[in-house]
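Worksheet for the structure shown next.
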Amino acid sequence: MSQESGTAARILQQHGARSMTDVTGFGLVGHLYEMLSPSGCGARLELGSVPALTGAEEVLGMGIASSLQPQNLRLQRITAGNVESARGALLFDPQTAGGMLAAVPAGQAEAAVRDLCAAGYEASARIGRV
Numbered sequence: 003m004s005q006e007s008g009t010a011a012r013i014l015q016q017h018g019a020r021s022m023t024d025v026t027g028f029g030l031v032g033h034l035y036e037m038l039s040p041s042g043c044g045a046r047l048e049l050g051s052v053p054a055l056t057g058a059e060e061v062l063g064m065g066i067a068s069s070l071q072p073q074n075l076r077l078q079r080i081t082a083g084n085v086e087s088a089r090g091a092l093l094f095d096p097q098t099a100g101g102m103l104a105a106v107p108a109g110q111a112e113a114a115v116r117d118l119c120a121a122g123y124e125a126s127a128r129i130g131r132v
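Sequential numbering of the sequence shown, starting at 3, is according to our numbering.
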C-alpha cells in the first residue's frame, strides 16, 4: 500500500499467480469482483486478515469516507457476510495506490507471503480463498 508493486508482481508470478491487480478506485471488493466475474467463481475473504493502514478503521468508524465509497458500496449486494463494521467498510474503500490483489494457487500461498515479507512487503497476507 505504500511501496512500489513491480517487485511484488514478479514474486507473485514466481508463485504461480495467474491473475493480479493493484487495488485502486473500485476498492478491494470491486477489484476482486472484476477478477472473478469472467470465471463465475466466488471467494471467501477472511476479514481479520485484510491489511489496513493504521487509523483507517477509526476514520471510517467516525463516518469519514471517500466521496467514491457510496458508489463502491453498491457491491454489498454480492457479499454474503457482514460487512457493516468499519473493518468491513475498508473492503469498499477506494484507494489511490492500494496494495496488490493476486490469485495464487493454494499450495503456493504460504511461500508467496513468506517471500513477499522477506522482500520488504511486510503487510502481505493471505486474505481468503477462491
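Yeah, the Cβ is synthetic: ideal placement off N, Cα and C, and Gly gets one too.
Being a predicted model, the structure only gives us computed values, none of them experimental.
Subject >> beta strand (DSSP E) runs contained entirely in the segment 16-90, provided each spans 3 or more residues >> reply: 21-24
Subject >> Limits of the beta strand (DSSP E) - the one that L93 falls within >> reply: Careful: L93 lies outside any beta strand (DSSP E) and carries neither H nor E.
Subject >> Alpha-carbon to alpha-carbon, G29 and L93 >> reply: 6 Å
Subject >> For P107, the nearest candidate out of G57, T9, G18 (CA to CA) >> reply: G18
**OP:** Compare the C-alpha of S21 against each of T9, M37, R12, R131 and name the closest.
**Re:** M37
**OP:** Would you check if there are 3 or more beta carbon pairs closer than 8 Å linking the segment 37-46 to the segment 62-76?
**Re:** no
Subject >> Nearest-angstrom Cα separation, counted from R116 out to E59 >> reply: 26 Å
Subject >> Own chain partners of C9 with C-beta closer than 7 Å, once the 5 adjacent residues on each side are dropped >> reply: First, the residue type needs correcting, since residue 9 is Thr and not Cys in the sequence shown. Excluding positions up to five away in sequence, the list reads A121.
Original post:
When burial is assigned at 16 or more other CB atoms within 10 Å of the CB, is A91 buried or exposed?
Top reply: buried
**OP:** Within 10 angstroms of the Cβ of A104, are there 16 or more other Cβ atoms? Answer buried if so, exposed if not.
**Re:** buried
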